[in-house]
Each structure stands twice: as C-alpha cells, then as structure tokens.
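Numbering (our numbering), first residue to last: 28 to 291.
Comments concern the structure below.
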C-alpha cells in the first residue's frame, strides 16, 4: 500500500509540474514591462501618459479627440481598451482637460481620480469613482499620488487640483494642472521635491504665461527637468517661440513632441 501511495504522489507531482502555461492566472496584457526609467508621453495641451518603472500606466488630463496636437493614433478611444490605463487623473472640469474622460472611462474600465463633484458631473460609474481632495495621498501600483492645490476655476467640478506622482526610486513628477503661481508652491517643493515639472505655460486669459511660469520655477522649485505644456493649442495661448524665449539659457527645459515617449 505504501508503494502504491508513493506512486500516486509521484504521478500527481508530475501532472502539476507539466501543467500548461495557460493554467496560470491570465495576463491582462495591458501592463507595460518593468523599466528602470519613468516614461512620459506628451499627448498635446495638458494631456500626458506616464508609465512608472513598475509599469503603472497613468493618463493625466486626457483631452484627445478634439485636441489638435494629439497624434491620430492616440485619438482613438478604442486604444485605451487595449492598452488599459491603471487610472485616469483629472485636474479640473474644463473641456480641454476632461471632455473625453467619460468615454475613456467607459472604454477602459479604469478608475477616474478627481474631486467628488467632478466625478458626479461627468457621470462616472460609481465603481470607477476615486474621489480625492487637496492634501490627500494614495497608492496606484508602485506610484504614490499626492493631491495638491491649483489656482484656477472648475465650475461644477469642484476645486481645481494638481498631482505629484512619487515613484519607487524616490523621484517625483508634478503636473500643475491649470494654475497661476501661488505661495503654497513653496510647500509643494518642501514636501515632495518634484524632480520633473509638467508646467502650464500658455497664459492668455487663463493662467501662467511663459515668463511668469519661469519665475515660478526660479522662486519655488528645484527640478532637474521642466516640460512645458498647455501652449500653442489655440489662440490666445502662447506659442513655442515665447516658451523658448522665457526659458532661454535654462538647460532643464525640454520641449516634447506629441506622441513620442521619452524615458527619464
């Protein structure tokens, strides 16, 4: 009997070790492989895809379909059903930041991070709502997200926000949202030490112009990289030449090409 049991045990072990790969938990097929760097793709205006070293994929202010600077391949909402983001982060309710969020949420099934007022205004399904407010922090994969203030408007969407993303290697990225400069930027620097600034610079009637944005950096921040955003999309936003002039001589400023990922 002992030999019989021993034979059954060996048979069971052989069957388990020979199990096909398909018996493992299914791969969602949307999480990028781990990398040593942070990958940032500008999608035009204030829209970005950020992929962390651990493969967490975040969309920030993804206004895409009517965005004249978004490459065609990134405008197709179906893309985000195939390459599902870990989450969608929205700074405020203006159409040039949030217009496509409901469709992206429906297609991808991803949670949407915004104020509670804005989530309800967008009619995001309750299961996908991730309500936040200034001062909050939470985890998305290997990224810690800190919610910070912005000086702007948001109408039915509650107050405007910015986001600081802190990665596992200690680096951090600050998406300012639409804002003017404000004294609490000093606290954002003190608390989170952003290495990468995604900095609104378009000015016009709505926020920081290039010269004031450059002043905000000099006065409040010590980044290793400055990525201007929210310019050149439509009138009366500042054009690229104005941005270059305002940051002339600052080697930290880097203009990205929409749709082309950069590893940082």
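The beta carbon of each residue, even a glycine, is placed where N, CA and C say it ideally should be.
Bear in mind that the values here come from a model prediction, so they are computed numbers and not experimental data.
Quick one: what does DSSP say residue 215 is sitting in, helix, strand or coil?
What you label residue 215 is simply residue 188 of the chain shown in a count that begins at 1. In the structure shown, residue 215 sits in a helix (DSSP, three-state: H, G or I).
Under the rule that 16 or more other beta-carbon atoms within 10 Å means buried, what is residue 278, buried or exposed?
The residue given as residue 278 occupies position 251 in the chain shown. Residue environment analysis places residue 278 among the exposed positions, since fewer than 16 neighbouring C-beta atoms fall within 10 angstroms of its C-beta.
Residue 120 in three-state terms, based on DSSP
In the chain shown, the residue the question calls residue 120 occupies position 93. Looking at residue 120 - three-state DSSP - the assignment turns out to be coil, as it is neither helix nor strand.
With the cut-off set at 9 Å, would you say residue 171 and residue 204 are in Cβ contact?
Translated into positions along the chain shown, residue 171 becomes position 144. Translated into positions along the chain shown, residue 204 becomes position 177. No, these two residues do not count as a Cβ contact at 9 Å.
Would you tell me roughly how many angstroms separate the C-alpha atoms of residue 261 and residue 124, rounded to the nearest one?
Counting from one through the chain shown, the residue named residue 261 turns up at place 234. Counting from one through the chain shown, the residue named residue 124 turns up at place 97. Whole-angstrom Cα-Cα distance: 14 Å.
Can you name the start and end residues of the alpha helix (DSSP H) that residue 145 belongs to?
Counting from 1 along the chain shown, the entry for residue 145 is found at position 118. Where residue 145 is concerned, the enclosing alpha helix (DSSP H) stretches over 143-149.
Which two residues bound the contiguous beta strand (DSSP E) that contains residue 288?
On the chain shown, residue 288 is found 261 positions in, with the first residue counted as 1. Here residue 288 belongs to no beta strand (DSSP E), and DSSP marks it neither H nor E.
Cα-Cα separation between residue 195 and residue 220, rounded to whole angstroms:
Along the chain shown, read from residue 1 onward, the residue named residue 195 stands at position 168. Along the chain shown, read from residue 1 onward, the residue named residue 220 stands at position 193. Their backbone Cα atoms lie some 14 Å apart in a straight line.
Check this for me: beta carbons of residue 225 and residue 247, under 9 Å apart or not?
The residue labelled residue 225 in the question sits at position 198 within the chain shown. The residue labelled residue 247 in the question sits at position 220 within the chain shown. No. Outside cutoff.
By Cβ distance, which residues of its chain are closer than 6 Å to residue 181, with the 5 residues on each side in sequence left out?
Working through the chain shown from its first residue, we reach residue 181 at position 154. If you ignore the 5 residues before and after residue 181, its C-beta comes within less than 6 Å of the C-beta of 119, 120, 187, all in its own chain and listed in chain order.
Return helix, strand or coil for residue 311, following the three-state DSSP convention.
Residue 311 lies beyond the range of the chain shown here (28 to 291); nothing can be said about it.
Cβ contact (3+ pairs, closer than 8 Å) linking the stretch 89-96 and the stretch 145-162:
The answer is no - the stretch 145-162 does not touch the stretch 89-96, with fewer than three Cβ pairs under 8 Å.
Which residues does DSSP pair with residue 193 in a beta bridge?
By one-based count along the chain shown, residue 193 stands at place 166. In the DSSP output, where bridge partners are listed per residue, residue 193 has 171, 199.
By DSSP, does residue 56 sit in helix, in strand, or in coil?
Numbered from 1 along the chain shown, position 29 holds the residue referred to as residue 56. Any reading at residue 56 must be qualified, since the residue scores a pLDDT of 37, below 50, and its modelled position is unreliable; the value itself is stated next. It is coil, neither helix nor strand.
Extent of the continuous alpha helix (DSSP H) to which residue 99 belongs:
Position 72 of the chain shown holds residue 99. Membership of residue 99 in the alpha helix (DSSP H) is indicated by the continuous run 99-102.
Shortest alpha-carbon distance to residue 104 belongs to which of 209, 129, 81?
Indexing the chain shown from 1 puts residue 104 at position 77. Put simply, of 209, 129, 81 the residue whose alpha carbon is nearest the alpha carbon of residue 104 is 129.
Using only CA atoms, which one of 289, 69, 68, 77 lies nearest to residue 167?
On the chain shown, residue 167 is found 140 positions in, with the first residue counted as 1. Checked all of 289, 69, 68, 77; the closest Cα to residue 167 is 77.
I want to check one thing, is the minimum distance from the CB of residue 284 to the heavy atoms of the ligand NAD below 8 Å?
The ligand NAD is not part of the structure shown, which contains no ligands of any sort.
Tell me, which residues are paired with residue 75 by DSSP?
Taking the first residue of the chain shown as position 1, residue 75 is located at position 48. Answer is 69, 87.
Which runs of the alpha helix (DSSP H) fall wholly inside the stretch 213-283 and span at least 4 residues, in chain order?
If we require 4 residues or more, the alpha helix (DSSP H) runs fully inside the stretch 213-283 come out as 237-247, 267-273.
Over what stretch of residues does the beta strand (DSSP E) that includes residue 158 continue unbroken?
Within the chain shown, the letter at position 131 stands for residue 158. Where residue 158 is concerned, the enclosing beta strand (DSSP E) stretches over 156-158.
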